[in-house]
Amino acid sequence: MSTTEISELVQSVVEAYLLDGERRYNRAEVAERSGVSPSISKRLWTALGFPENPDDAVDYTDADVDAVRHFRGLKVVAASDVRQQAAAARTLGQSMARLAEWQADLVLAEIAAKVADASRDGATDPAEIARIATEETVSVLEELQTYAWRRHLVAALARSFDNESPAEDSTRELAVGFADMVGYTRLTRHLHPDELSTLLEAFESTTTEAISENGGWVIKHVGDEVMFAAETAQAGARIALAIQESTMMVGGTPDLRVALAYGPVLQRFGDLYGSVVNIASRLTGVARPGTVLIDDGAAAQLADDPEFTVRHLRSVRVRGFNRLRPHALRRP
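Whatever position you read off the sequence shown (first residue = 1), add 4 for the working numbering.
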C-alpha cells in the first residue's frame, strides 16, 4: 500500500474507534438521555473547546451522553452554578486539547507504521490491520496517561490535605516563581525551527527537573518562561537557585532571569493568581541575567536560614507597584 492509501485508511478507522460509537444523536436527544437541558449541554460542549454545531446536527454518540451524565453527576459540580461548571469544563478541555495536539502526529505515525509492517508481512485485510493497530496504539497511550494522571493526582491530593480549606478556589500560602530566557525574542528570529525546538526542550527539561527534585511543581510553561510553585519559601529558594545552576551547565542555553515571591495566592483550576504572583512576575522582569530575586515575603522567611544569603537591594518601580523592594538570593 502507498503512504497515501495507508493515511486514508487510518483516518477512516481512527474516528470510529476514538468516538467509541456512531454519531446518532442531536443536541436535544443528548439532553433527553442525559437529563441535562439543551442550553446547558451546549454550553458545556463549547466550554470543552468543541465547535458549536447546529441543534439538529446528528453529531453525538453514546459516549457523549455518558460524559454529560457523569460530569453533572459529581456532587460538587451539580451544586455549583452553570458558570462554575463551564469553567471546570473549559479547564479540562484546554488541557486535553493541548495533549491531543501533541499526540496526533505520534498516533498517526505509529498506526501507519504498524499497518505498513503488517502489509509487508502479507496481511490481506487492510481495514482489519488498521483497526488492530489503532486499538493497540490508543490503548498504550491511555494506560500511560492514566498512570501519569494518577501519580500527579496523588501528589496534588497530598498538597491539598495540608490546606486548611480545600476547595476549587482556595487561598494558600505558597512560594511562586518564574524563570525566563534572556533574549528569547531575538533568538527566535535567527534560529532554525529544529534549533528552536532543541533550545526549548533543553530549557523545559532542565527547569522541570530542578523544580521536581526540590519539592515543587510546574504550574505552566509558556514559550520562554516557566512558572512554578512550592509549599515553603525554603523549597522555592532551592528551586530558583537550582534552575540557575542547572541551566548554566547546559551548553547553548541563554542566561535566565529568576524571581520568587511568597505569600497568599488564589489557587484556581491548577493555576495561581494574586498579588504574590504579580510580584514574582515583575521581579523576573527586572532581575539581571544569571541572578535570583525574591520579595519581602520570601526574604522574611529566609532571613535566619543559614542555607541562603539574602542581600537587600534598592526599591524599584514596576508596572502596578510604585515601590517594590527586591532582594538578591544566593548560596552562602
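Every residue, glycine too, gets a C-beta built ideally from N, C-alpha and C.
Other residues of its chain near residue i: CB distance less than 7 Å, five sequence neighbours each side excluded
i           : result
residue 248 : 260, 262, 294, 296
residue 214 : 243, 246, 247, 250
residue 89  : 48, 81
Residue i in three-state terms, based on DSSP
i           : result
residue 282 : helix
residue 332 : strand
residue 119 : helix
residue 126 : coil
residue 157 : helix
residue 291 : coil
residue 56  : coil
residue 204 : helix
residue 209 : helix
residue 143 : helix
residue 97  : helix
residue 184 : strand
N- and C-terminal bounds of the alpha helix (DSSP H) containing residue i
i           : result
residue 69  : 66-77
residue 385 : Because the chain here runs from 5 to 336, residue 385 falls outside it and cannot be looked at.
residue 63  : Element bounds for residue 63: n/a, residue is neither H nor E.
residue 31  : 31-38
residue 27  : Looking at the DSSP string, residue 27 is not in any alpha helix (DSSP H), and its letter there is neither H nor E.
residue 306 : 300-306
Expected contact under 8 Å - CB spacing of residue i and residue j to nearest Å
i           : j           : result
residue 203 : residue 335 : Wrong, their Cβ atoms sit about 27 Å apart, outside the cutoff.
residue 34  : residue 69  : 5 Å
residue 62  : residue 30  : 5 Å
residue 284 : residue 220 : Not confirmed; about 13 Å, so no contact.
residue 269 : residue 175 : 7 Å
residue 330 : residue 320 : 6 Å
residue 178 : residue 241 : Wrong, their Cβ atoms sit about 13 Å apart, outside the cutoff.
residue 93  : residue 157 : Not quite, the Cβ-Cβ distance comes to about 18 Å (not below 8 Å), so this is no contact.
Spatial neighbours of residue i in its chain, beta-carbon cut-off 6 Å, leaving aside the 5 residues before and after
i           : result
residue 21  : 138
residue 258 : 185, 186, 187
Neighbourhood of residue i by C-beta, 8 Å cutoff - its chain only, sequence neighbours within 5 removed
i           : result
residue 200 : 191, 192
residue 207 : 185, 228, 230, 251, 257
residue 153 : none
residue 103 : 149
Limits of the beta strand (DSSP E) - the one that residue i falls within
i           : result
residue 267 : 260-272
residue 48  : Run containing residue 48: none in the beta strand (DSSP E); it sits in the alpha helix (DSSP H), 42-51.
residue 276 : 275-277
residue 315 : 313-316
residue 321 : 320-322
message: So within the stretch 222-258, which uninterrupted beta strand (DSSP E) runs reach at least 3 residues, ignoring any that extend past its ends?
response: 229-234
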